[in-house]
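Participant: Provided herewith is a single structure, encoded as structure tokens, for subsequent inquiry.
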Amino acid sequence: MNYLSQALLLLGLLWLAPAGLRAQPTAPPRSPDAAFTLAECLQVALVNQPLVRQARIDEEITQSANQIALAAWLPQVGLQGTAQHYFQLPFTIFPDPTTGQLTPRQLGVRNVTTLGLSGTQVIYNNDVHLAARSKRFNNQAAAQNTVNVQIATVSDVSKSFYDVLLAQRQLDVFSQDIARLQRNYRDAKARYDVGLADKTEYLQAEVSLNNSLVGRRQSQEAVRARLAYLKQLMGLPPERPLALQYDTLQLEFNATLDTTAALNFSNRIEIQQLQTQKSLQDITVDYYRNGFLPSVSAFANYNSVFQNNAVSEQYRTRFPNSYAGLQLGLPLFTGFRRTQNIRRARLENTRLDEDLQNTRNQINTEYATALANYQGYYTQYALGKRNLEASREVYNVINLQYREGIRAYVDLIVAQTTLRTSQLNYYTALFQLLSSKVDVLRARGELPTDY
4 MNYLSQALLL LGLLWLAPAG LRAQPTAPPR SPDAAFTLAE CLQVALVNQP LVRQARIDEE
64 ITQSANQIAL AAWLPQVGLQ GTAQHYFQLP FTIFPDPTTG QLTPRQLGVR NVTTLGLSGT
124 QVIYNNDVHL AARSKRFNNQ AAAQNTVNVQ IATVSDVSKS FYDVLLAQRQ LDVFSQDIAR
184 LQRNYRDAKA RYDVGLADKT EYLQAEVSLN NSLVGRRQSQ EAVRARLAYL KQLMGLPPER
244 PLALQYDTLQ LEFNATLDTT AALNFSNRIE IQQLQTQKSL QDITVDYYRN GFLPSVSAFA
304 NYNSVFQNNA VSEQYRTRFP NSYAGLQLGL PLFTGFRRTQ NIRRARLENT RLDEDLQNTR
364 NQINTEYATA LANYQGYYTQ YALGKRNLEA SREVYNVINL QYREGIRAYV DLIVAQTTLR
424 TSQLNYYTAL FQLLSSKVDV LRARGELPTD Y
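Numbering (our numbering), first residue to last: 4 to 454.
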């Protein structure tokens, strides 16, 4: 490959590189029937969620707004052209040097065309100086807003994911309970038909079966509604099927959390955003404080003038002129506007200090509440797990004794109801514990967003 081809290839890559950097991230292609883990749900949400995409667009808008403001530092060049025709030439009064009498005379030509090229260059201006100092913090504020939206998305998607799993597990519990109750109902009905039991046994079985059927129906509707909400948070279309994949043992392992970690306010994105606003407000105070400084700019103009009384002869002769200079503007008195602007900017800065203190108090309360909820749910989860093991063992023993005719049917119903309640309580406590862990991590400012 010769040097010319290498140079063209390099220029092509440099031309394509910015477009690639500006491209929005896209989710990896997936099979419509593939099940999503929590991490995969978060990956899709951070790419497809409209609020996250809008935040990224806002970053680009902020960058463009900064460049627009900074454009004033660059030379401003313009081309102007005018063409005019005098129907009546203007008069000028000349005094006669001998008699002193004033004599009017017409001056000029009837057709005048002027083409001018002008350029200005700002040397110092308080407005463009403000734009230059604010650029970094404007970009930082836009990026922090994106992070804030991502944190909210991760929190909402995670808790919605656990809500769907809870509804699905509740549906499984009711399905298992219905299978047991249907068997009990058939057995009780058969015992009644042969005269070994009275009518109340199979009626009790029927009542319990109907209650579980109602619970299963409610769980089915809950699964459908919570899946729809999860798809909304992930930015998926409503018609897109969504199946979830999880490991209960892994979920139990992930539910643990170090509750002794100290709260660091600087980890919270809300504190970082307020600190960025305070930096911008400090720049605003300096902007008004320096309002007395003069603005200085350089300018240059080049004009070509074509004039003649006859249009056909007008453009045969050109009369050029050019000049350059400096322009200085110095505000002397503005009706105390600068003083009041400084006062207002300082008050707004003080108000931001109060916002910081109030936000710290809110974060402390939020963390204390989230930690208390987590510890309460953890106790409920630990006891619920033990109760589930005990109720399952009790049910197995009583069911065996009932089959052998040792225990009454009412004891079996009580044991089965206790088992179902223990299962529902256990799964409710587990998924509430996982959701409360998300709240604790968010309150600490430790909720990850890099998926």
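Every residue gets a Cβ at the ideal spot worked out from N, C-alpha and C, and that includes glycine.
How about G122 and L92: are their beta carbons less than 8 Å apart?
Facilitator: Cβ distance not < 8 Å, so G122 and L92 don't count as in contact.
Participant: For D289, which of L133, V50, E63, F164 has the nearest alpha-carbon?
Facilitator: Answer by Cα proximity: L133.
Participant: Would you mind giving the Cβ-Cβ distance between A75 and V150, rounded to the nearest angstrom? I have them listed as a contact below 8 Å.
Facilitator: No, A75 and V150 are not in contact; Cβ-Cβ is about 30 Å, not under 8 Å.
Participant: Roughly how far, in whole angstroms, is the beta-carbon of L415 from the beta-carbon of N428, given that I think they are within contact range, below 8 Å?
Facilitator: Contact doesn't hold; Cβ gap of about 20 Å is too wide.
Participant: Give a yes or no on whether the minimum CB-CB distance between G122 and chain C is below 8 Å.
Facilitator: As a matter of chain content, chain C is missing from the structure shown, which is built from one protein chain.
Participant: If L168 sits next to L247, beta carbons under 8 Å apart, how far is it from one beta carbon to the other, in whole angstroms?
Facilitator: 7 Å between Cβ atoms; contact.
Participant: Could you pull out every residue in the same chain whose Cβ sits closer than 7 Å to the Cβ of N399, ignoring the five residues on either side in sequence?
Facilitator: Excluding positions up to five away in sequence, the list is empty.
Participant: Please check the pair E255 and L386, which I expect to be a contact at CB under 8 Å, by giving their CB distance rounded to whole angstroms.
Facilitator: About 14 Å; that fails the 8 Å criterion.
Participant: In terms of residue numbering, what span does the beta strand (DSSP E) encompassing S298 cover?
Facilitator: That run of the beta strand (DSSP E) goes 298 to 311.
Participant: In three-state terms, what does DSSP make of F164?
Facilitator: Here F164 sits in helix by DSSP.
Participant: Does DSSP put V80 in a helix, in a strand, or in coil?
Facilitator: In the structure shown, V80 sits in a strand (DSSP, three-state: E or B).
Participant: Less than 8 Å between the beta carbons of L233 and S163, yes or no?
Facilitator: Contact: yes.
Participant: Report the partner residues of H88 according to the DSSP bridge assignment.
Facilitator: H88 is bridged to N114.
Participant: When DSSP labels each residue in this structure, what does L437 get in the three-state scheme?
Facilitator: DSSP places L437 in helix when its eight states are reduced to three.
Participant: Give me whichever residues DSSP pairs with S121 in a beta bridge.
Facilitator: Paired residue(s): G81, N304.
Participant: In chain order, what residues of the same chain lie with their CB nearer than 7 Å to the CB of N114, ignoring the 5 residues before and after it?
Facilitator: Cβ within range, chain order: H88, Q310, N311, N312, V314, Q317.
Participant: Relative to the C-alpha of A327, which candidate in A411, R59, Y205, L120 has its C-alpha closest?
Facilitator: Of the candidates A411, R59, Y205, L120, the one whose C-alpha sits nearest the C-alpha of A327 is L120.
Participant: CB-CB under 7 Å to R183, same chain, minus the five flanking residues each way: which ones, in chain order?
Facilitator: The residues are Q419.
Participant: Please say whether Y195 and E209 have beta carbons closer to each other than 8 Å?
Facilitator: No, the Cβ-Cβ distance between E209 and Y195 is not below 8 Å.
Participant: What residue range does the alpha helix (DSSP H) around P107 cover?
Facilitator: First-last for P107: 105 to 109, but that is the beta strand (DSSP E), not the alpha helix (DSSP H).
Participant: For S67, tell me which candidate among N141, L283, G218 has the shortest Cα-Cα distance.
Facilitator: Of the listed residues, the one whose Cα sits closest to S67 is N141.
Participant: Among all the DSSP beta bridges, which residues are the ones paired with N324?
Facilitator: Paired residues: N306.
Participant: In its own chain, which residues sit with a C-beta less than 6 Å from the C-beta of N367, not counting the 5 before and 5 after it?
Facilitator: For N367, where only same-chain residues beyond five positions count, there are no Cβ hits under 6 Å.
Participant: Taking T372 as part of the alpha helix (DSSP H), name the residues at either end of that continuous run.
Facilitator: 340 to 406 is the span of the alpha helix (DSSP H), which, as asked, contains T372.
Participant: Kindly indicate which three-state DSSP category T95 falls into: helix, strand or coil?
Facilitator: Correct three-state label for T95: strand.
Participant: Buried or exposed: where does N148 fall if 16 or more other Cβ atoms within 10 Å of its Cβ makes it buried?
Facilitator: Buried, by the Cβ-count rule.
Participant: Just mark Q104 as buried or exposed, buried being the case when its beta carbon has 16 or more other beta carbons within 10 Å.
Facilitator: By the 10 Å Cβ count, Q104 comes out exposed.
Participant: Only counting the same chain, and skipping five residues up and downstream in sequence, which positions put a Cβ closer than 6 Å to that of L82?
Facilitator: Within the same chain, L82 has close Cβ partners L120.
Participant: For A373, I'd like the list of residues in its chain whose CB is within less than 7 Å of its CB, leaving aside the five on either flank, ordered along the chain.
Facilitator: These residues qualify, in order along the chain: S439, D442, V443, A446.
Participant: In its own chain, which residues sit with a C-beta less than 7 Å from the C-beta of F177, not counting the 5 before and 5 after it?
Facilitator: Around F177: S215, G218, R219, S222.
Participant: Reducing DSSP to helix, strand and coil, say where G448 ends up.
Facilitator: DSSP places G448 in coil when its eight states are reduced to three.
Participant: Would G294 and N128 be called neighbours here (beta carbons separated by less than 8 Å)?
Facilitator: Their beta carbons are not under 8 Å apart, which means G294 does not touch N128 by this criterion.
Participant: To the nearest angstrom, report how far apart Q79 and A301 are at their CA atoms.
Facilitator: Approximately 10 Å between the Cα atoms of the pair.
Participant: According to DSSP, which residues form a beta bridge with E329?
Facilitator: Note that residue 329 corresponds to Leu in the displayed sequence, not to Glu. Bridge partners of L329: A301.
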